[in-house]
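Peer 1: Numbering (UniProt numbering), first residue to last: 1 to 683. Pasting in a structure now, in C-alpha cells, and then I'll have a few things to ask.
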Ligand code: ADP
Ligand code: MG
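Below, the structure written as C-alpha cells:
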C-alpha cells in the first residue's frame, strides 16, 4: 500500500529538524501534504533582461561580465564594493554593500548574473543577488516562488525544503481528477501541477499549473456540497409536520397585515419542506425590511401545532429581546408559550426555563448562542430558525440542530446575494428569496454630505422629531473593546443632548451591560427616547417603525453591506424616511461606497457592488460564513471556473458510473473522508 502524504510528518523530509517542524507547525503545516499545498503568493522574476527594457528604479536580472578592477571603500563599520561591468552593449557600475568578500571573485572577464535595482541616473545597479554560471548556479532564468514566511523561516529555506519534499515524496502525489475532466480541459497531471506552482519553468507553465489546481479546489468543493444534497434528497428521516392549512390560515389572518406575494410563495416553499419527511435545510434571503420574521413565525407556529418545539437563534441580545416581544404578541391568542434564553438570563429563571423546555412546556425559545450550551435540552425540537445567518459559524448552527432529531432548519440572511452565487456557494442549502418589500413603504432617500454640513443634519433631526418621528445617530466603532472609540460615542451623546435639550437622547454601545442595553432599546421602542446615539450594535434586525432618520457619521469607514443594514433600520413604517451619510472619504473606495449608497437602495444591487469593491473573502467574512477557505482559488476572480466546476460536478453525480467505476474511486474516497455520508455537513 502506498503511503498517503497527509500521514507523513514534515520532519521526514531531509533537512527538517524537530525544531523546524515546530516552526512550520505554526503556519498550519504539519504533514508533507500541507507543505506541498503551501503555495507561493507571488514569484520573483530572475529571467535576464536587457537594460533597454528596464526603467529607473526597476528590479532587474542581467547577464553581465566583469570589465573593471573592483574598488572597495570603507566607512564606519560598513563597506561599498564597486566594479565596472558590461551587459552588451551597456557599461555600468555594480555596487555591493557590506559584502567585501565578493571582491576576490570579480576577476576580469568572468561572467556573473546580477539581480538588483537599476539606478539610471547613476548608471548603476545595487546588487541584491548574484550568481556565477561557471559554478553551475541555477536560479537565473527562473521564476522564484515567494512564500508567506515568518521571522524564523527564510524564503531560501522553505524553497529548499519544498524542493526536497518534491524530490523525496513527489511520486506519492496522487491524481484525483478523473481522466474525463483532465482531457476535457487539457489539464496537466496533479504532480506536475503542484511542482510547477512551486517552481515554474516559465510563467505560461506556472499559469497552467495554477489553472488546474484552482479548478480542482472548486470542483472538490462543489462535488462535496452537491453530493451531500443528492444523498440527502433521498434522506427521508426528517420531522414530518402535520398542521393543516386551515390552522395556519387562522394564524396568518391574525397578523396585522396581509402577506406580500413574495412572502406567500416563500411560505409555500417552507411548508412544503416541513410537511415532507425531507430534512429541510433552507436559506431564506431577503433585503432588509422585506419581512422575513413573519415567515419564521409561521414556521414556528406550524411546528408547535404539529406537536413539536421551535427555536429561534439570533446574534445579539437586543435582537433576541425584540423577537421575544413580537413573537409573544403574535402567539398569545394561540396560547403558545415563548421563552427567552440569553447570556443574561441566569439563576432561578434560567433553571426554570431549561426544565420547562425539557418537559416540553415551553413551546418556543428565542435566544442568542446561549441556546447551544450543553445543558439546554428539548423534549422534541422540530424547527430551528437562525436569523442573520452570516453571524453564526457553521458549527454553532450544527449544535443547535443536533438538540433535536433531524429538525427542519431555516436560515435567514439579510445580506442577499445574487441567486446564482447563492446556489453556488451555499450549494448544500435550498435557497428562497424574498424579492419584494411590503406595499405602502416609501422609499428611503439617501444623502451624502460632508462634515461641514453637520448643522443642516441637526436641522433635519429636529424636523423629524418635531413631527413625532425618531432618529438614529451612528458612530463608527472599530473595536467594541477600544476605550477611545467608545469615548467617541459618549462625546457625541453629550453633544447631542446639549444640541437638543428639549428631547430625550439615548446612548447605546457594546460596553454597556445587556440589561442597560435592553432598557435603552425598550425606551426607544416606546418613543421615550427620540434620538438614539449608538454604535453599530443596532446594525442587524432592530425594528422600530416610527424611526425615520438614520444619520451615519464617518460613513466611509463602514462597508457597503453594513451601511445598507444600518439604513434598513428606517423605512420600516409608513412615513417617508431618510438616511444621511456624513463623510469626507479620502479613498476612492470610500467615495464609491457613498455613491453606491445614494444610487440604489436595493439590497441585491448593494451586495453586488460590495462584492465588486471588496472581493469575496472579505465580503463573506470567510471565517464566519462557513464557506471554505481556498488555497489558490478566489471566488470572484475565479467565479467562472466555479460555475464550470459546479456544472461538471452536477453532471458527474448524475452518472451512475460515478458510484462504481474505478475512474472515480479517488473522488469517492475524498467524499468519504469529508464524511458527507454521515450527513455531518448539514448545519
Ligand atoms: P426583515 O426582513 O428585515 O427581518 P422584518 O421581518 O423585521 O424585516 O419586517 C419589517 C417590518 O415590516 C416589520 O415591522 C413587520 O411587521 C413589517 N411587515 C412584514 N411583513 C409585512 C407585510 N406583508 N405588510 C406590511 N408590513 C409587513
Ligand atoms: Mg430581521
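Backbone N, C-alpha and C define an ideal beta-carbon position, used for all residues, glycine too. All values reported here derive from a predicted model rather than from experimental measurement.
1) Assuming residue 410 and residue 282 make a contact with CB atoms under 8 Å, what is their CB distance in whole Å?
2) With residue 688 as the anchor, note down where its beta strand (DSSP E) starts and where it stops.
3) Please state whether DSSP places residue 439 in a helix, a strand or coil.
4) Using the rule of at least 16 other Cβ atoms within 10 Å of the residue's Cβ for burial, across every protein chain shown, is residue 101 buried or exposed?
5) Compare the beta carbon distance of residue 556 and residue 596 with 8 Å and say whether it is the shorter of the two.
6) The beta strand (DSSP E) with residue 698 in it runs from where to where?
7) How about residue 292: is its Cβ closer than 7 Å to a heavy atom in the ligand ADP?
8) Quick check: does the Cβ of residue 289 come within less than 7 Å of any heavy atom belonging to the ligand ADP?
9) Does the ligand ADP have a heavy atom nearer than 7 Å to the CB of residue 585?
10) Name, in chain order, the residues that DSSP records as bridge partners for residue 659.
11) I need the DSSP call for residue 572, collapsed to helix, strand or coil.
12) Could you tell me the distance, in whole angstroms, from the CA atom of residue 181 to the CA atom of residue 199?
13) Determine the extent of the alpha helix (DSSP H) in which residue 298 is found, giving its start and end residues.
14) The ligand ADP and residue 602: does any heavy atom of the ligand fall closer than 7 Å to the residue's C-beta?
15) Look at residue 142 and residue 128 and say whether their C-beta atoms are less than 8 Å apart.
16) For the structure I just gave you, are there three or more beta carbon pairs, one from the segment 430 to 437 and one from the segment 265 to 274, closer than 8 Å?
17) Taking DSSP's pairing of strands, which residues face residue 281 in a bridge?
18) With a threshold of 7 Å on Cβ separation, who are the neighbours of residue 220 within its own chain once the five nearest residues in sequence on each side are excluded?
19) DSSP beta-bridge partners for residue 45?
20) First and last residue of the beta strand (DSSP E) that includes residue 598?
21) Three or more C-beta pairs closer than 8 Å, one from the segment 150 to 159 and one from the segment 60 to 69: is that the case here?
22) Considering only the alpha carbon of each residue, which of 36, 471, 520 and 412 lies closest to residue 170?
23) So, under 8 Å CB-CB, residue 594 and residue 567 are touching, yes? Tell me the CB distance rounded to an integer number of Å.
24) Identify which residue in 32, 500 and 26 has its Cα closest to the Cα of residue 12.
25) Tell me whether residue 39 sits in a helix, a strand or coil according to DSSP, three-state version.
26) Rounded to whole angstroms, what is the Cα-Cα separation between residue 318 and residue 608?
27) Give me whichever residues DSSP pairs with residue 63 in a beta bridge.
28) Three or more C-beta pairs under 8 Å: does that hold for the segment 342 to 355 against the segment 574 to 591?
29) Counting C-beta neighbours from all protein chains within 10 Å, is the total for residue 377 16 or more, i.e. buried, or is it exposed?
30) In terms of residues, what are the limits of the alpha helix (DSSP H) holding residue 639?
31) The ligand ADP and residue 572: does any heavy atom of the ligand fall closer than 7 Å to the residue's C-beta?
32) Please state the DSSP three-state secondary structure of residue 99.
33) Measuring straight from C-alpha to C-alpha, what distance separates residue 580 and residue 570?
34) I'd like the span of the beta strand (DSSP E) that includes residue 75, first residue to last.
35) Taking buried to mean at least 16 other C-beta atoms within 10 Å of its own C-beta, is residue 534 buried or exposed?
Peer 2: Checking against the coordinates, here is how it stands:
1) Beta-carbon to beta-carbon, residue 410 and residue 282 are separated by about 5 Å, close enough to satisfy the 8 Å threshold.
2) In the structure as shown, the chain begins at 1 and stops at 683. Residue 688 is therefore absent and cannot be evaluated.
3) Taken through DSSP and simplified to helix, strand or coil, residue 439 comes out as coil.
4) So residue 101 ends up on the exposed side.
5) Not in contact: residue 556 and residue 596 (Cβ atoms no closer than 8 Å).
6) There is simply no residue 698 to check, as the chain begins at 1 and stops at 683 in what is shown.
7) Yes, the ligand ADP has a heavy atom inside 7 Å of this Cβ.
8) Result yes, Cβ under 7 Å from the ligand ADP.
9) Answer for residue 585: no, Cβ out of range of the ligand ADP.
10) DSSP, once it has assigned bridges, lists no residue as partnering residue 659.
11) In the three-state reduction of the DSSP assignment, residue 572 falls in the coil class, being assigned neither a helical nor a strand state.
12) Residue 181 and residue 199 have their alpha carbons spaced roughly 24 Å apart.
13) Segment 293 to 305, the alpha helix (DSSP H) holding residue 298.
14) Checking the Cβ of residue 602 against the ligand ADP gives no.
15) No, the pair does not count as a contact, with Cβ atoms beyond the cut-off.
16) Yes, they touch.
17) Per DSSP, 409.
18) For residue 220, where only same-chain residues beyond five positions count, the Cβ hits under 7 Å are 670.
19) Under DSSP, the beta-bridge partners assigned to residue 45 are 143.
20) No beta strand (DSSP E) holds residue 598; the alpha helix (DSSP H) holding it covers 588 to 599.
21) Remark: fewer than three beta-carbon pairs, one from each stretch, lie closer than 8 Å, so the segment 150 to 159 and the segment 60 to 69 are not flagged as touching.
22) Check the Cα spacing between residue 170 and each of 36, 471, 520 and 412: the tightest is with 36.
23) So it is not a contact: roughly 12 Å between Cβ atoms.
24) Ranking the options by Cα distance to residue 12, first place goes to 32.
25) DSSP places residue 39 in coil when its eight states are reduced to three.
26) Their Cα atoms are separated by approximately 29 Å.
27) DSSP lists 113 as partners of residue 63.
28) Fewer than three pairs of CB atoms, one per stretch, sit closer than 8 Å, so the segment 342 to 355 makes no contact with the segment 574 to 591.
29) Looking at its Cβ environment, which holds fewer than 16 other Cβ atoms inside 10 Å, residue 377 is exposed.
30) Per DSSP, residue 639 belongs to the alpha helix (DSSP H) from 639 to 654.
31) Correct: residue 572 has its Cβ closer than 7 Å to the ligand ADP.
32) Residue state for residue 99 is assigned as coil, using DSSP reduced to three classes.
33) Those two C-alpha atoms are separated by around 11 Å.
34) In this chain, the beta strand (DSSP E) harbouring residue 75 covers 71 to 75.
35) The residue is buried, with at least 16 neighbouring Cβ atoms inside 10 Å.
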